[in-house]
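In case it helps, this note's numbering puts the sequence shown at residues 385 to 610. For each residue, glycine too, the CB sits at the ideal point set by N, CA and C.
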Amino acid sequence: HNLKVEKVVVEGPGVISVIMRGRKLSKLAAEGGQFFGWRFFARGHFLMSHPYSLSAAPTEHLLRITVKDLGDHSRSLAFLRPGTRVFVEGPYGAFTAGRSSRPHVVLVGGGVGITPIRAIMEEFRDGVNMDVIYRASREEDLVLRQELDYLAEKSEGLIRVHYLVGPRKNHPMDAKSLRKLVPRFADSDIYICGPGPLVEAVREAAKDCGVPKNRFHDEAFAFHSE
385 HNLKVEKVVV EGPGVISVIM RGRKLSKLAA EGGQFFGWRF FARGHFLMSH PYSLSAAPTE
445 HLLRITVKDL GDHSRSLAFL RPGTRVFVEG PYGAFTAGRS SRPHVVLVGG GVGITPIRAI
505 MEEFRDGVNM DVIYRASREE DLVLRQELDY LAEKSEGLIR VHYLVGPRKN HPMDAKSLRK
565 LVPRFADSDI YICGPGPLVE AVREAAKDCG VPKNRFHDEA FAFHSE
């Protein structure tokens with residue numbers, strides 16, 4: 385596929401996107417929400433692959449990942465040069481729009497966990513209603529916010545984005561709070577990617593609301609360990 389780094393973009397404090405260009409990328413059969421094992425033909429990057437989720441729906445020529453500085457490997461991605469060759473393994477994962485069976489979905493992202501959520505938003509079938517819940521400690525940690533707002537604006541009311549910024553105690557993620565924020569929560573497919581405590585809180589809320597396990601979808605690979 386002749387995949388190469390096209391550019392690196394700073395998205396926020398300690399967060400960058402790597403945009404890669406190649407040929408006939410549709411043959412990879414990747415979907416938004418999935419992840420690859422990535423190896424870059426650069427010092428410190430080639431010998432071992434690292435899992436990162438796509439942060440935008442893949443196209444015929446472009447792939448994008450958005451990565452938070454969690455260690456030496458992710459930190460050094462900021463210094464990749466345009467033209468660096470890229471090798472991928474995958475795609476992997478079932479965190480995809482195709483698993484949804486409901487006319488309404490709730491997408492929950494915590495911190496950099498918004499990246500597969502952002503990618504999957506473009507891939508639901510026409511007419512699906514979406515409530516996107518984005519948890520972050522600080523306003524500056526709301527990466528990709530402009531893209532989320534753009535998708536919501538052009539959706540003509542089908543997508544609503546809720547930004548919950550600040551300490552956890554200010555934004556409880558229990559069943560009562562989530563039903564108040566999203567009245568259709570119990571009737572929805574739930575997708576979530578974020579830190580463990582957030583995932584478990586929303587899992588318990590979904591259980592309390594009677595959401596069956598086959599309508600609760602979580603992804604942990606945005607929070608891999610280095």
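| Item | Value |
| --- | --- |
| Which word fits Ser609, buried or exposed, when buried means at least 16 other C-beta atoms lie within 10 angstroms of its C-beta? | At Ser609, the pLDDT of 38 sits below 50, so the modelled position is not reliable; the number obtained from the coordinates is stated separately. It is exposed - the Cβ of Ser609 has fewer than 16 other Cβ atoms within 10 Å. |
| Would you be able to state if there are at least three C-beta pairs under 8 Å between the segment 472–480 and the segment 418–425? | yes |
| So, Thr503 versus Leu548, is the Cβ gap smaller than 8 Å? | One point to set straight first is that residue 503 is Ala, not Thr, in the sequence displayed. Not a contact, by the Cβ cut-off of 8 Å. |
| With burial defined as no fewer than 16 other Cβ atoms inside 10 Å of the residue's Cβ, what is the status of Val402: buried or exposed? | buried |
| What are the uninterrupted segments assigned as beta strand (DSSP E) that are 3 or more residues long and contained completely in the segment 410–472, given in chain order? | 419–424, 434–437 and 446–452 |
| Under 8 Å by Cβ, that's how I've got Val545 and Leu532 pegged, so tell me the actual separation to the nearest angstrom. | 5 Å |
| Can you tell me whether Arg519 is buried or exposed? The criterion is at least 16 other CB atoms within 10 Å of its CB, across all chains shown. | buried |
| So Arg486 packs on Ser572, CB below 8 Å; how close in whole Å? | 6 Å |
| Classify Thr450: buried if its beta carbon has 16 or more other beta carbons within 10 angstroms, exposed otherwise. | buried |
| Between which two residues does the beta strand (DSSP E) carrying Val402 extend? | Val399 to Arg405 |
| Is the Cβ-Cβ distance between Val389 and Pro466 less than 8 Å? | yes |
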